[in-house]
């Protein structure tokens, strides 16, 4: 029973407000700010679209009256002296209606100069954790922060975008001392739980820590002057490596295998040259005289031809039209990738996106997957449509094919901001099956996908011929020619990823198309087009030797014709194959694929007539 705007249920009263009567501004994300701890009034700051808290606060006229440098600000989170946030803290990470209190110090509290310009994302893209302002093991008397004003509060609230390391998060924060190095984070609840600087921030959300230091670090920090964060870390690691080499008589290689990184400075460099003379000589012999500069000029010339090819208006229009079929693939709570419509309501992407969530060549029950089309404009002005995956076929073999065919629900939904009238029916973009072509050995190429899960991007590039792949790796690593150990480390990494398989004589040399592209994570599964706008490859991965930022010596795609041949041959669904054959009409390259499959199936269907074979005893070896 409803009375006077309330709902009475069995003697209890519950607030009942019709959604249409509820003010829409109250539904928007917002926080409040006080410009002094003594202020009674709190100003409301709009948090949509997401921004840094400082950007939101700067919109208020009261802020200009403070006349305080940004890097001298202290921003308290909540009403008690519990924690403080950085000026670049994402507004999306502040609870709706939370109060921030601003104060100004006479000296620098936060080094805002080191903050890169990056987009602010939604809350689920970040991990937020707390670090006690009083140090833990061997750090209670150490200077951990730039300014002692931080110690008025219990915790420093730190955030990091998921996928980054603890070290990156603290370095980016700007409030920690430049001399802080070789630290660990000790869990407040369980002091046996240690987090290292190289660990990922994803699992730290909501947790509280204290900073710990090794006991030998006390003397070292006392005897060294201030330096920037990375340099300090490098010096201590260099000293550590030298100590190992001299005192234990071990090789640098063995020492650093127990340590994630080292540096080629001073005496270490001399030791490395002694231990890897052949490697250094090899790298120096690759480019005698000015041959390296000539190689660079040749690459510039080739890239100029690529730019010219893909700058022709008719070609760009054609690619943009075909690019409508490219989609962003979202595996809920797992990862993001790219894909494209193959035919009807079936899309093609990489199977490794679903690794660990596949059973009997299909997705496990409960795994939610959807795809977004028309995700071309960044938030908050996006206007995309999404479709749910209802069926799937996965094929992932080590050193073989890596693809997934996903069947979409034909009923999709459009999400637009600002909201517009919902369309009655949304069509899946046309498939690219009719545009499939053979894998070229050289020439221009263009990728269209969603790197890092962001809006759709195009990247023109040049195919690296298989005979020149080794040279391409050397070109890329030339910057390290005077650093034998770095070269050795990178070599071990990329060999472990199977780069030898795509070199001349390798088992995948003929079945991979290689190129350079900055489209890394999130681009897996995107189509690769040739200069005639034929889609010939499925972008799959690269040989990575560095993260944050990602660096790769080379990237590669699988030939689409090989994938389609395998799909046609192995899929037993006759109705699905009929649709495939119908969509493939008019494409001679696909006709060859179908004919090849048909011939192989006929050969396999012929029974082996052993009795009528030659009477010779040198028959088939059945061992």
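Residue numbers (the working numbering): 274 to 896. No residue lacks a Cβ here, since even glycine has one placed at the ideal position from N, Cα and C. Every value quoted in this text rests on a predicted model; they were computed, and no experiment measured them.
Which class does residue i belong to by DSSP, given the choice of helix, strand or coil?
{"i": "residue 322", "result": "coil"}
{"i": "residue 675", "result": "strand"}
{"i": "residue 592", "result": "helix"}
{"i": "residue 644", "result": "strand"}
{"i": "residue 843", "result": "helix"}
{"i": "residue 724", "result": "helix"}
{"i": "residue 373", "result": "strand"}
{"i": "residue 831", "result": "strand"}
{"i": "residue 473", "result": "strand"}
{"i": "residue 903", "result": "The requested residue 903 is not part of the displayed model; the chain covers only 274 to 896."}
{"i": "residue 418", "result": "strand"}
{"i": "residue 656", "result": "strand"}
{"i": "residue 635", "result": "strand"}
{"i": "residue 329", "result": "helix"}
{"i": "residue 735", "result": "strand"}
{"i": "residue 764", "result": "helix"}
{"i": "residue 392", "result": "coil"}
{"i": "residue 806", "result": "coil"}
{"i": "residue 366", "result": "helix"}
{"i": "residue 718", "result": "strand"}
{"i": "residue 700", "result": "coil"}
{"i": "residue 730", "result": "strand"}
{"i": "residue 349", "result": "strand"}
Kindly list the residues whose CB is nearer than 7 angstroms to the CB of residue i, restricted to its own chain and excluding five residues on each side of it in sequence; keep chain order.
{"i": "residue 840", "result": "678"}
{"i": "residue 465", "result": "none"}
{"i": "residue 352", "result": "372"}
{"i": "residue 767", "result": "816, 818, 826"}
{"i": "residue 848", "result": "none"}
{"i": "residue 788", "result": "718, 734, 735, 736, 737, 828"}
Given a cut-off of 8 angstroms, decide if residue j and residue i are closer than it, judged by their beta-carbon atoms.
{"i": "residue 363", "j": "residue 393", "result": "yes"}
{"i": "residue 667", "j": "residue 635", "result": "yes"}
{"i": "residue 716", "j": "residue 736", "result": "yes"}
{"i": "residue 409", "j": "residue 479", "result": "no"}
{"i": "residue 777", "j": "residue 740", "result": "yes"}
{"i": "residue 665", "j": "residue 720", "result": "no"}
{"i": "residue 724", "j": "residue 793", "result": "yes"}
{"i": "residue 402", "j": "residue 482", "result": "yes"}
{"i": "residue 842", "j": "residue 873", "result": "yes"}
{"i": "residue 357", "j": "residue 429", "result": "yes"}
{"i": "residue 376", "j": "residue 320", "result": "no"}
{"i": "residue 708", "j": "residue 808", "result": "yes"}
{"i": "residue 422", "j": "residue 431", "result": "no"}
Can you round the beta-carbon distance between residue i and residue j to whole angstroms, since I take them to be within the 8 angstroms contact cut?
{"i": "residue 344", "j": "residue 384", "result": "6 angstroms"}
{"i": "residue 475", "j": "residue 435", "result": "5 angstroms"}
{"i": "residue 722", "j": "residue 658", "result": "Rounded, the Cβ-Cβ distance is 18 angstroms, inconsistent with contact."}
{"i": "residue 704", "j": "residue 614", "result": "4 angstroms"}
{"i": "residue 450", "j": "residue 419", "result": "6 angstroms"}
{"i": "residue 624", "j": "residue 669", "result": "4 angstroms"}
{"i": "residue 470", "j": "residue 439", "result": "5 angstroms"}
{"i": "residue 850", "j": "residue 858", "result": "Not really, about 13 angstroms apart at Cβ, beyond 8 angstroms."}
Can you determine whether any heavy atom of the ligand ADP sits closer than 7 angstroms to the C-beta of residue i, and answer yes or no?
{"i": "residue 795", "result": "The ligand content of the structure shown is nil, which means the ligand ADP is not present either."}
Once you ignore the five residues that flank residue i on each side, which residues in its own chain have a CB closer than 6 angstroms to its CB?
{"i": "residue 831", "result": "811, 813"}
{"i": "residue 609", "result": "603, 726, 795"}
{"i": "residue 779", "result": "773"}
{"i": "residue 369", "result": "302"}
{"i": "residue 770", "result": "816"}
{"i": "residue 374", "result": "307, 310, 349"}
{"i": "residue 416", "result": "450"}
Considering only residues of the same chain and omitting the five flanking positions on each side of residue i, which have a CB-CB separation below 8 angstroms?
{"i": "residue 701", "result": "614, 617, 618, 646, 660, 681, 683, 685"}
{"i": "residue 467", "result": "457, 458, 459, 460, 485"}
{"i": "residue 784", "result": "831, 832, 835"}
{"i": "residue 354", "result": "425, 426, 427"}
{"i": "residue 315", "result": "305, 306, 307, 372"}
{"i": "residue 838", "result": "866, 869, 870"}
{"i": "residue 805", "result": "710"}
{"i": "residue 688", "result": "655, 656, 657, 658, 659"}
{"i": "residue 714", "result": "736, 738, 739"}
Mark residue i as exposed unless 16 or more other C-beta atoms lie within 10 angstroms of its C-beta, in which case mark it buried.
{"i": "residue 216", "result": "Only positions 274 to 896 of the chain appear in this structure, which leaves residue 216 out of reach."}
{"i": "residue 452", "result": "buried"}
{"i": "residue 801", "result": "buried"}
{"i": "residue 755", "result": "exposed"}
{"i": "residue 361", "result": "buried"}
{"i": "residue 803", "result": "buried"}
{"i": "residue 765", "result": "exposed"}
{"i": "residue 337", "result": "exposed"}
{"i": "residue 790", "result": "buried"}
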